[in-house]
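*Asks:*
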Amino acid sequence: MIKIDNLSLSFGEKVLFVSAQAEIPDNKLTVVLGSNGTGKTTLFKIISGNLKAESGKVSHDFKKIFFLPQNIKYPDGLTLFEYVTSFFYATSFKWFLSKEEITETEKILNLLDLTDRKNILIEKLSSGELQKANIAAALLSKADCLLLDEPTSNMDLTNQIKTTEILKKLQNHGITCVMITHDLNSAAAFGGYFIGLNKEHKIISGQKSEFFTEENLKNIFGIDFNINKSNEDIIISVKNTNDIL
Amino acid sequence: MSTTKRTAYILILTVIFCIAVYCSAFAGYHDNGLHLLKKLFNLDGDTESILLEILRLPRVLRGIIAGCCLAVSGMLLQSVSKNPLAEPYITGISSGAGFGIVLSVLFFGGTAYSLFGFTGALISALFVILFCGFGRFSITKLILVGLSVNMFAGAVISFLILKNTDKAYSLMYILTGNITENTGISDLHLILLFLCTVFLCGLFVPKLNFLRLDTGLTHNEKRKENYDITVIILSAFLAALSVLTAGILSFVGIVAPQISKLLFGNDYRWLFFSNILIGSAFILFADFISRIILYPVQIPLGLVIAFIGSPIFIYFLTRKGDFLHD
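Line order of the protein sequences matches chains A and B.
According to the working numbering, the stretch in the first sequence is residues 2 to 246, in order.
According to the working numbering, the stretch in the second sequence is residues 572 to 897, in order.
Right, dumping it as structure tokens:
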């Protein structure tokens, strides 16, 4: 569980958080929502320890948190297998991978449906496959909590669904995923827990039914939404597009 | 990239390396060197044996050491800085070395000038690395500080040369680099120093396979075990060692890592050996050409390297334009 307690942060004039509170539960796919510039990525950086908060406390009980940024550069001329095994070289001085490490890698590639792509050069992979490769690398680095910054942002619909399915699948393997997305409807469809950053620099969080209310969404995005609930499904649409303009 | 392909490349490079050693050690302007090769197994103290022992073999040795040091040093720096333009001398090595050499020639009679160059290189590298601060260490800062130090010392060197026009010729000759004479250190010490450094690099080479990942992904791990500085110090020492062996030779340290990367991708375990082979072969070929092209005059090695290096580099650039983006 990640606990965010009384978090405050601002960059000069720009205030991002003012005594914000939230909890991110274990073994659930948590979705982070919010407009641009409200500090979603910054929140991830604080949780993963890349950035220090001005005041307040962020604590967690994971072995390792892995932050996957939105834009990353890939080294050329490597196969997918070589790319994902890079983390094995981090901690020791060995020249070759051990048998266990190779088996472990193959297990994870299998879990992410990448086995048949493992000998393909990474510059020839699609963005969906690259994202899965990054997730594989994260898992091989022994992370049990993944923070994904818009992992599906440049994927087509099929790949988006595939990737989120995989993230959901990881929950069964004891891995907690937190992701940023801008797609409210798909978030509502696959998310297990929700966090919204609003314009008052607070964090709104909750389960699906309590989070998706017209009041909350207005508070987060500043525009009116229609929410249609039928059984478990939630369909969200903008009430009046003229408001935005 | 498959292991078979990489093994094939390594074999080809080894063959090229052997040809380079042969050219540099045995072949000459007058003959193809076959009888010299036979002589190698039957050193009987005649003129040709002495030529081999005193001139050619130490020269080959220094060529290999210099090329290897420069190429590996360039590889280390380019990998840590993730900048394809980083070269071994960027940490202020060339300026410090040049300054040391000029001081030695002007004020200490020029004996052991390469030892002066070596010391100068180490001092300036230390200065640059320390100046960049161990706490908030940043590669960009390192490159910029190194660049400024190089520019500053370059100006001082030019000034000193202009003030002492009588020695200008010998200074310019020494500063362009060569592997013909060794004034600083005995060959045995040089080999030992070289082997130790390469062994240390060998320890850190697999680490580069981790550092090749985007910094956004490695941030957390890196904070715990900061290898950047160790790798930079190693690369600075290698560059200083190349100064001790061959003076200031530009270009090898930037071209060899690039060509290796095009051939082998980003697996540093392969790149390490590829750089050793390409770097040494490059210098040996350049030395061979410098010996025969204007026979009996030897043109400075640094000039030959620039002459043959630039076209090769531009060829590779145009062949595969996309590698500038990595």
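The C-beta atom is built at its ideal place from N, Cα and C for all residues, glycine as well.
Please read these numbers as outputs of a predicted model, since none were measured by experiment.
1. Starting from A/Phe-94, find everything on chain B with Cβ-Cβ shorter than 7 Å and list it in chain order.
2. For B/Asn-654 and chain A, any beta-carbon pair shorter than 7 Å?
3. Am I right that B/Ala-692 and B/Ala-810 are in contact with their C-beta atoms under 8 Å? What's the rounded C-beta distance?
4. Round the Cβ separation of B/Asp-858 and B/Arg-627 to the nearest angstrom and send it over; I've been treating them as touching at under 8 Å.
5. Would you mind telling me which residues of chain B sit closer than 9 Å to A/Lys-108, beta carbon to beta carbon, in chain order?
6. Thinking C-beta only, is B/Leu-872 closer than 7 Å to B/Gly-748?
7. To the nearest angstrom, how far is the alpha carbon of B/Ile-804 from that of B/Glu-624?
8. Compute the beta-carbon to beta-carbon distance between B/Pro-659 and B/Gly-669, rounded to the nearest angstrom, for a pair I have assumed lies under 8 Å.
9. Do the region 54 to 63 of chain A and the region 767 to 779 of chain B touch if we need at least three Cβ pairs shorter than 8 Å?
10. According to the neighbour-count rule (16 or more other Cβ atoms, all chains shown, within 10 Å of its Cβ), is A/Met-2 buried or exposed?
11. Spell out a yes or no on whether the region 29 to 37 of chain A and the region 188 to 195 of chain A are touching, meaning 3 or more CB-CB pairs, one atom from each, closer than 8 Å.
12. Following the continuous beta strand (DSSP E) through B/Gly-599, name the residue where it begins and the one where it ends.
13. For A/Pro-152, count the other beta carbons within 10 Å of its own beta carbon; 16 or more makes it buried, fewer makes it exposed. Which is it?
14. For the region 99 to 106 of chain A against the region 40 to 50 of chain A, do three or more pairs of beta-carbon atoms, one drawn from each stretch, fall closer than 8 Å, so that the two count as touching?
15. Is the beta carbon of B/Gly-717 closer than 7 Å to that of B/Ile-661?
16. Between the Cα of B/Ala-724 and those of B/Gly-663, B/Ser-861 and B/Thr-889, spot the shortest distance and give me the residue it belongs to.
17. Can you grab the Cα-Cα spacing for the pair B/Leu-895 / B/Leu-582, in whole Å?
18. Taking DSSP as the reference, what is the three-state secondary structure of A/Gln-71?
19. Answer yes or no: does any C-beta atom of chain A fall closer than 7 Å to that of B/Arg-783?
20. What residues from the region 72 to 83 of chain A come within 7 Å of chain B, judged by C-beta to C-beta, listed N to C?
21. Which residue marks the beginning of the alpha helix (DSSP H) containing B/Cys-767, and which one marks its end?
22. Can B/Ile-884 and B/Val-826 be called in contact, C-beta distance under 7 Å?
23. DSSP state of B/Met-722, grouped into three classes?
24. If we define contact as Cβ-Cβ less than 7 Å, is B/Asn-780 a contact residue for chain A?
25. Where does A/Ala-91 fall in DSSP's three states?
26. From this set, A/Asn-135, A/Thr-92 and A/Arg-118, which residue's C-alpha is nearest B/Tyr-798's C-alpha?
27. According to DSSP, simplified to helix, strand and coil, what is A/His-61?
28. In the DSSP assignment, what are the bridge partners of A/Phe-18?
29. So, does the CB of B/Gly-688 fall closer than 7 Å to a CB anywhere in chain A?
30. In the DSSP assignment, find the beta strand (DSSP E) that holds B/Val-868 and state where it starts and stops.
31. Let me see if you follow: with CB-CB separation under 7 Å, is B/Gly-836 close to chain A or not?
32. Does the region 67 to 78 of chain A come into contact with the region 124 to 138 of chain A, if we say contact requires no fewer than three beta-carbon pairs (one atom in each stretch) closer than 8 Å?
33. Do the CB positions of B/Leu-641 and B/Ser-813 come within less than 7 Å of each other?
34. Identify which residue in B/Phe-844, B/Val-802 and B/Phe-887 has its Cα closest to the Cα of B/Ser-650.
35. Mind checking whether B/Leu-608 and B/Phe-597 have CB atoms under 7 Å apart?
36. Distance check for A/Ile-167 and B/Asp-897, CA to CA, integer angstroms please.
*Replies:* Checking against the coordinates, here is how it stands:
1. Ordered by position in chain B, the residues that pass the 7 Å Cβ test against A/Phe-94 are Leu-774 and Pro-777.
2. So, not an interface residue.
3. The Cβ separation is near 7 Å, so the contact holds.
4. Rounded, the Cβ-Cβ distance is 10 Å, inconsistent with contact.
5. Neighbours of A/Lys-108 on chain B: none; closest Cβ ~21 Å, over 9 Å.
6. In terms of Cβ geometry, B/Gly-748 and B/Leu-872 form a close pair [threshold 7 Å].
7. Approximately 34 Å between the Cα atoms of the pair.
8. About 14 Å separates the beta carbon of B/Pro-659 from that of B/Gly-669, a gap too long to meet the 8 Å contact definition.
9. In short, these stretches do not touch, since the Cβ pair count stays below three.
10. Counting Cβ neighbours within 10 Å, A/Met-2 comes out exposed, since fewer than 16 surround it.
11. In short, these stretches touch, since the Cβ pair count reaches three.
12. Here B/Gly-599 belongs to no beta strand (DSSP E), and DSSP marks it neither H nor E.
13. It is buried - the Cβ of A/Pro-152 has at least 16 other Cβ atoms within 10 Å.
14. Touching, no, given that fewer than three Cβ pairs across the two stretches are closer than 8 Å.
15. Yes, Cβ-Cβ distance for B/Ile-661 and B/Gly-717 is below 7 Å.
16. When each option's Cα is compared against that of B/Ala-724, the closest is B/Gly-663.
17. Here the model assigns B/Leu-895 a pLDDT of 43, short of 50, so the residue's position is not dependable and the matter cannot be decided.
18. In the displayed model, A/Gln-71 falls within coil according to three-state DSSP, outside both helix and strand.
19. True, the Cβ-Cβ gap to chain A drops below 7 Å.
20. Within the region 72 to 83 of chain A, the residues whose Cβ lies closer than 7 Å to some Cβ of chain B are Ile-73, Lys-74, Pro-76, Asp-77, Gly-78, Leu-79, Thr-80 and Glu-83, listed in chain order.
21. Element bounds for B/Cys-767: 758 to 782.
22. Residue identity check: residue 884 of chain B is Phe in the sequence provided, not Ile. In contact: B/Phe-884 and B/Val-826 (Cβ atoms closer than 7 Å).
23. The answer is helix: DSSP assigns B/Met-722 an H, G or I state.
24. Output row for B/Asn-780: interface = yes.
25. Residue state, collapsed to three classes: coil.
26. Considering only alpha carbons, the answer is A/Thr-92.
27. In the three-state scheme derived from DSSP, where H, G and I count as helix and E and B as strand, A/His-61 is classed as strand.
28. According to DSSP, residue pairing for A/Phe-18 in a beta bridge involves A/Leu-10.
29. No - not a single Cβ of chain A is within 7 Å of the one on B/Gly-688.
30. That residue, B/Val-868, is in no beta strand (DSSP E); it is neither H nor E in DSSP.
31. Cβ-Cβ to chain A under 7 Å: yes for B/Gly-836.
32. The region 67 to 78 of chain A is in contact with the region 124 to 138 of chain A.
33. At the C-beta level, B/Leu-641 and B/Ser-813 come within 7 Å of one another.
34. Comparing Cα positions, the closest option is B/Val-802.
35. At a Cβ-Cβ threshold of 7 Å, B/Leu-608 and B/Phe-597 count as neighbours.
36. In this prediction, B/Asp-897 scores a pLDDT of 40, lower than 50, which makes its location untrustworthy; the coordinate-derived value is nonetheless stated afterwards. Each residue's alpha carbon lies about 29 Å from the other.
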